[in-house]
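Enquirer: Okay, handing you the structure first.
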Amino acid sequence: MPSVDGFFHRDFKIEEDDYNQLCRHFMRAYSNQVAIVTKSRNRWEIVDFSSGEYLECTDDVLHLVNWAELIQREEGSSVLGFYTTASRASRRARTKISDWNWIPARLWEDWDRTLRSNRHKGTEAFKMQGASGRSLGSHRNPDEV
C-alpha cells in the first residue's frame, strides 16, 4: 500500500482488509496530521487538513509515492493521508513532512459519518479555528514557541 518511510514501508505483503483496519486506527491517532495532496497546474500541492496551510515535503515523499495512480484509484483530483514526522527550519518557513501514508477516501468518509452520528462536527472538528480551507495567512499552532 502507498507509503513513504512510514509504518507500511516494509518488506511484507498486507491484505487490503488489514490495511483498512490499520488505517482506521492511524487516522484516528493522527487526525491532526492529515495532508491532502492535489495536482494543480502540473505540480503537486500538499495542504494540511487541520490548518489549511501549504506543506512542503522531502524528495522521498514527492518521488516514491505514485501520486497519479492514487488519484486514479480514488477517482478524483486529490488524495489524503497522514504524516507522522514534520519539521520547520524557522517560523517563516513552511512545515516539511518526511513521511506520508495513504488513507482511502471511503474510510475518511465513514469516520466523518460516524463522528456526525455521535453529535460531533465530523472531521471538521479537527480543523484549527479560522481554517476553513486553504489560507493565505498563518495559523500557527498554539503550542509553538
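With full-length UniProt numbering, the residue at position 41 of the sequence shown is 41, and numbering never jumps.
Glycine included, every Cβ here is placed at the ideal spot set by N, Cα and C.
Keep in mind the model is a prediction, meaning the values are calculated, not measured.
1. Bridge partners of Trp-44, per DSSP?
2. Using alpha carbons as the reference points, say which of Lys-13, Glu-15 and Tyr-19 lies closest to Trp-102.
3. DSSP on Val-65, reduced to helix/strand/coil?
4. Are the region 22-30 and the region 52-72 touching by the rule of at least three beta carbon pairs closer than 8 Å?
5. Could you give the distance in angstroms between the alpha-carbon of Cys-57 and the alpha-carbon of Val-47?
6. Any idea what DSSP makes of Asn-20, helix, strand or coil?
7. Report the rounded CA-to-CA distance for Phe-82 versus Ser-90, giving the unit in angstroms.
8. Under a three-way DSSP split, which group does Phe-49 fall into?
9. Can the beta-carbon of Val-61 be found less than 8 Å from the beta-carbon of Trp-108?
10. Look at Arg-94 and Tyr-54 and say whether their C-beta atoms are less than 8 Å apart.
11. The beta strand (DSSP E) spanning Glu-109 covers which residue range?
12. Thinking just about the alpha-carbon of each residue, which of Ile-97, Ile-36, Trp-111 and Ile-14 is nearest to the one in Asp-74?
13. Pull up the CB-CB distance for Ser-77 and Ala-86, whole angstroms please, since I reckon it's below 8 Å.
Expert: This is what the structure holds:
1. Within the sequence shown, the letter at position 44 stands for residue 44. In the DSSP assignment, the residues bridged to Trp-44 are Lys-39.
2. To locate residue 102, count along the sequence shown from 1; it is residue 102. For the residues Lys-13, Glu-15 and Tyr-19, the minimum Cα distance to Trp-102 belongs to Tyr-19.
3. As a working note, residue 65 is residue 65 in the sequence shown. Reduced to three states, the DSSP call for Val-65 is coil.
4. Contact between the region 22-30 and the region 52-72 is not established, with fewer than three Cβ pairs separated by less than 8 Å.
5. Position 57 of the sequence shown holds residue 57. Position 47 of the sequence shown holds residue 47. Separation of Cys-57 and Val-47 (C-alpha to C-alpha, rounded to the nearest whole angstrom) is 11 Å.
6. Counted from its first residue, the sequence shown places residue 20 at position 20. If DSSP states are grouped into helix, strand and coil, Asn-20 belongs with the helices.
7. Locating residue 82 in the sequence shown gives position 82, where the first residue counts as 1. Locating residue 90 in the sequence shown gives position 90, where the first residue counts as 1. Each residue's Cα considered, the two are about 23 Å apart.
8. Residue 49 sits at position 49 when you count from the first residue of the sequence shown. Three-state result, Phe-49: coil.
9. For the purposes of this step, residue 61 is taken as the residue at position 61 of the sequence shown. For the purposes of this step, residue 108 is taken as the residue at position 108 of the sequence shown. The Cβ atoms of Val-61 and Trp-108 lie no closer than 8 Å to each other.
10. What you label residue 94 is simply residue 94 of the sequence shown in a count that begins at 1. What you label residue 54 is simply residue 54 of the sequence shown in a count that begins at 1. Cβ atoms of Arg-94 and Tyr-54: closer than 8 Å.
11. Position 109 of the sequence shown holds residue 109. Premise fails: Glu-109 lies in the alpha helix (DSSP H), 105-117, not in any beta strand (DSSP E).
12. In the sequence shown, counting from the first residue as 1, residue 74 sits at position 74. Sequence check: residue 74 is Glu here, not Asp. In terms of Cα proximity to Glu-74, the closest of Ile-97, Ile-36, Trp-111 and Ile-14 is Ile-36.
13. By 1-based counting over the sequence shown, the position of residue 77 is 77. By 1-based counting over the sequence shown, the position of residue 86 is 86. Not really, about 24 Å apart at Cβ, beyond 8 Å.
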